[in-house]
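Participant: Under the numbering used here, read the sequence shown as residues 12 to 339, first letter to last. Take this structure, written in structure tokens, and hold onto it; I'll ask about it next.
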Amino acid sequence: MRATVMKSRVRARANIALIKYWGKANPDLNTPAVGSISITLEGLWSETEVEFDLRFTSDTLVLDGDSRPEQLGRVSRCLDLLRERAGVKTHARVISDNNFPTGAGLASSASGFAALSAAAADALQLDLSPRELSIVARRGSGSAARSVFGGYVEMHAGGAADGRDSFAEPLLAADAWPLEVVIAITDRGEKAVGSRAGMERSASSSPYYSAWIATSDSDLRAGRDAILEHDFDALAEIAEHSCLKMHAVAMANRPPLVYWNPATLDCMQAVKALRATGLPVFFTVDAGPQLKAICEPSVRDAVVGALRELPGVADVIVSGLGPGVEIL
Ligand code: 2P0
12 MRATVMKSRV RARANIALIK YWGKANPDLN TPAVGSISIT LEGLWSETEV
62 EFDLRFTSDT LVLDGDSRPE QLGRVSRCLD LLRERAGVKT HARVISDNNF
112 PTGAGLASSA SGFAALSAAA ADALQLDLSP RELSIVARRG SGSAARSVFG
162 GYVEMHAGGA ADGRDSFAEP LLAADAWPLE VVIAITDRGE KAVGSRAGME
212 RSASSSPYYS AWIATSDSDL RAGRDAILEH DFDALAEIAE HSCLKMHAVA
262 MANRPPLVYW NPATLDCMQA VKALRATGLP VFFTVDAGPQ LKAICEPSVR
312 DAVVGALREL PGVADVIVSG LGPGVEIL
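Below, the structure written as structure tokens:
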């Protein structure tokens, strides 16, 4: 018989996609319309404690110290998948803290749902493979499937009706090519339009959405090859292309969706200028206004200096590449 109290605490890291995920194949299963390739960050994490207790009368969620009932539906649906596997109906208390701004385009849902899935599976004593865990995390948030793993990670869109082949897996270990990431924070607020709503609107209204889907496989191939060959220039070219293409799709939504602010563009120009002088650095931007510069460790300080001096940059966070989920 299981104990009445079952508890686990997990740290999972944020990840940044170099080849972007944008659009869903099946919104109910949360399968992506395209594959993606990401890097897991050492320095940005969620720590999530999940406790199942027969005395709880409902699931509860405390995120960064605040009760977040509006996010509870997604959390409970993810927990339900694991409760079903474990054959229990016990409610859970979820307490999650991020060591970085939540909901501002820094992939808090990726680290959050990866940590939630791993902690709940561990608390329920489910012996899931990393791939199974990636599938559960995907149901919470598509990008969370990638945060199960460390280093360079590829998410497969898959095609099976039940989503069983829509999971992430490691592509290259972090220490095999230890790039660094410099994040320029240009706005600390939570974004007005979340990525889920943004990508739904792209699928239904952006005239560029079909081109986005049609060019996904060749982008993935180029990104994968560049990573496996440690070809920085090739990775820079395809990552910036994937980023700008994703934003072009969203900008052409009706109504339009522009995630950037003037400082985001200033940061892009600064990165371009650095690369023009021969520095190995490129940028990417997710569903928010922060710019992420990816660089070789040898030029990290130059990148930090160039971004920090821009007037619209409120803060700079530096991170190396990190591991997958860790049970604490
Ligand atoms: C990515 N983004 O590949 C892309 C690029 C944002 C821009 O994955 O609806 O929070 O929870 O599956 O994972 C953010 O989308 O979306 C994201 P859901 P998610 O990182």
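We put the beta carbon where it would ideally sit given N, CA and C, even for glycine. Please read all numbers here as calculations on a predicted model, not as lab measurements.
From the DSSP output, in three-state form, read off Pro80 for me.
Facilitator: By one-based count along the sequence shown, residue 80 stands at place 69. Pro80 falls in the helix class under three-state DSSP.
Participant: Flag this pair as yes or no: are the beta carbons of Val159 and Gly335 separated by less than 8 Å?
Facilitator: On the sequence shown, position 148 is the one that residue 159 refers to. On the sequence shown, position 324 is the one that residue 335 refers to. In contact: Val159 and Gly335 (Cβ atoms closer than 8 Å).
Participant: Closer than 7 Å: is that where the CB of Gly169 sits relative to any heavy atom of the ligand 2P0?
Facilitator: Here the question's residue 169 lines up with position 158 in the sequence shown. False, no ligand heavy atom lies under 7 Å from that Cβ.
Participant: Mapping DSSP to helix, strand and coil, what is Asp108?
Facilitator: Mapped onto the sequence shown, residue 108 falls at position 97. DSSP places Asp108 in the strand class (E or B) of the three-state scheme.
Participant: Since I believe Ser227 is in contact with Val45 (beta carbons under 8 Å), could you give me their beta-carbon distance rounded to a whole number of angstroms?
Facilitator: In the sequence shown, the residue the question calls residue 45 occupies position 34. In the sequence shown, the residue the question calls residue 227 occupies position 216. Between Ser227 and Val45 the Cβ distance is about 4 Å, and since that is below 8 Å, they are a contact.
Participant: Kindly indicate which three-state DSSP category Ala126 falls into: helix, strand or coil?
Facilitator: Working through the sequence shown from its first residue, we reach residue 126 at position 115. Here Ala126 sits in helix by DSSP.
Participant: Within 7 Å: the Cβ of Tyr219 and any heavy atom of the ligand 2P0?
Facilitator: As a first step, residue 219 must be located in the sequence shown, where it is residue number 208. No, since every heavy atom of the ligand 2P0 falls outside the 7 Å radius drawn around the Cβ of Tyr219.
Participant: How many angstroms separate the CA atom of Phe111 from the CA atom of Trp56?
Facilitator: Counted from its first residue, the sequence shown places residue 111 at position 100. Counted from its first residue, the sequence shown places residue 56 at position 45. The straight-line gap from Cα to Cα measures roughly 7 Å.
Participant: On the DSSP letters alone, give me the boundaries of the beta strand (DSSP E) that Val61 sits inside.
Facilitator: Residue 61 sits at position 50 when you count from the first residue of the sequence shown. Per DSSP, Val61 belongs to the beta strand (DSSP E) from Ser47 to Asp64.
Participant: CA-CA distance, Glu81 and Leu285?
Facilitator: Taking the first residue of the sequence shown as position 1, residue 81 is located at position 70. Taking the first residue of the sequence shown as position 1, residue 285 is located at position 274. Going by the C-alpha atoms only, they are around 42 Å apart.
Participant: Evaluate Asp244 with the Cβ neighbour count: other Cβ atoms within 10 Å of its Cβ, from every protein chain shown; 16 or more gives buried, anything less gives exposed.
Facilitator: Position 233 of the sequence shown holds residue 244. By the neighbour-count rule (16 or more Cβ atoms within 10 Å), Asp244 is not buried but exposed.
Participant: Is it the case that the CB of Lys256 approaches a heavy atom of the ligand 2P0 more closely than 7 Å?
Facilitator: Locating residue 256 in the sequence shown gives position 245, where the first residue counts as 1. Checking the Cβ of Lys256 against the ligand 2P0 gives no.
Participant: To which residues does DSSP link Met17 through a beta bridge?
Facilitator: Position 6 of the sequence shown, counted from the first residue, corresponds to residue 17. Answer by DSSP bridge pairing, in chain order: Phe63.
Participant: Which one of Ser119, Gly209, Asp277 and Gln136 has the shortest CA to CA distance from Lys35?
Facilitator: The residue you call residue 35 lines up with position 24 of the sequence shown. Lys35 has its Cα closest to that of Gly209, out of Ser119, Gly209, Asp277 and Gln136.
Participant: Considering only C-alpha positions, which residue in the set Leu144, Pro322 and Phe293 is nearest to Val193?
Facilitator: Taking the sequence shown and counting its residues from 1, one reaches residue 193 at position 182. The candidate whose alpha carbon is nearest that of Val193 is Phe293.
Participant: If I follow the unbroken alpha helix (DSSP H) through Val260, where does it start and stop?
Facilitator: Along the sequence shown, one-based indexing puts residue 260 at 249. Run containing Val260: Phe243 to Met262, per the alpha helix (DSSP H) assignment.
Participant: Apart from the five residues on each side of it in sequence, which residues of its chain come closer than 6 Å, Cβ to Cβ, to Glu303?
Facilitator: The residue given as residue 303 occupies position 292 in the sequence shown. The sequence shown places Lys at residue 303, not Glu. Once the five neighbours on either side are set aside, the close Cβ partners of Lys303 are Ile27, Val192, Ile194 and Thr295.
Participant: Looking at Arg157: is its Cβ nearer than 8 Å to the Cβ of Ser49?
Facilitator: Along the sequence shown, read from residue 1 onward, the residue named residue 157 stands at position 146. Along the sequence shown, read from residue 1 onward, the residue named residue 49 stands at position 38. Yes; because the gap between Cβ atoms is below 8 Å, this pair is in contact.
Participant: Provide the residue(s) that pair with Cys306 in DSSP beta bridges, ordered along the chain.
Facilitator: Position 295 of the sequence shown, counted from the start, is the residue given in the question as residue 306. Note: Cys306 sits in a beta bridge opposite Glu191 and Val292.
Participant: Is it the case that the Cβ atoms of Phe124 and Gly151 are separated by a distance below 8 Å?
Facilitator: The sequence position of residue 124 within the sequence shown is 113, counting from 1. The sequence position of residue 151 within the sequence shown is 140, counting from 1. Yes. Within cutoff.
Participant: DSSP beta-bridge partners for Ser119?
Facilitator: As a working note, residue 119 is residue 108 in the sequence shown. According to DSSP, Ser119 shares a beta bridge with no other residue.
Participant: Which first and last residues belong to the beta strand (DSSP E) in which Val164 is found?
Facilitator: The count along the sequence shown starts at 1 and reaches residue 164 at position 153. Per DSSP, Val164 belongs to the beta strand (DSSP E) from Tyr163 to Met166.
Participant: DSSP three-state call for Glu240: helix, strand or coil?
Facilitator: Residue mapping note: residue 240 aligns to position 229 of the sequence shown, counting from 1. Coil, per DSSP.
Participant: Tell me which residue opens and which closes the alpha helix (DSSP H) that Ser215 is part of.
Facilitator: Position 204 of the sequence shown holds residue 215. First-last of the alpha helix (DSSP H) with Ser215: Ser206 to Ser216.
Participant: Let me know the secondary structure DSSP gives Leu182 once reduced to three states.
Facilitator: As a first step, residue 182 must be located in the sequence shown, where it is residue number 171. Correct three-state label for Leu182: strand.
Participant: Out of curiosity, what's the CA-to-CA distance linking Val314 and Glu53?
Facilitator: Numbered from 1 along the sequence shown, position 303 holds the residue referred to as residue 314. Numbered from 1 along the sequence shown, position 42 holds the residue referred to as residue 53. Distance between the alpha carbons of Val314 and Glu53: 18 Å.
Participant: How long is the line joining the alpha carbons of Leu139 and Cys278, rounded to whole angstroms?
Facilitator: Counting from one through the sequence shown, the residue named residue 139 turns up at place 128. Counting from one through the sequence shown, the residue named residue 278 turns up at place 267. When rounded, the distance between both Cα atoms is 41 Å.
Participant: Under a three-way DSSP split, which group does Ser177 fall into?
Facilitator: By 1-based counting over the sequence shown, the position of residue 177 is 166. Here Ser177 sits in coil by DSSP.
Participant: Work out the CA separation of Asp173 and Ser309 for me, nearest whole Å.
Facilitator: If you number the sequence shown from 1, residue 309 lands on position 298. If you number the sequence shown from 1, residue 173 lands on position 162. C-alpha separation (whole angstroms): 45 Å.
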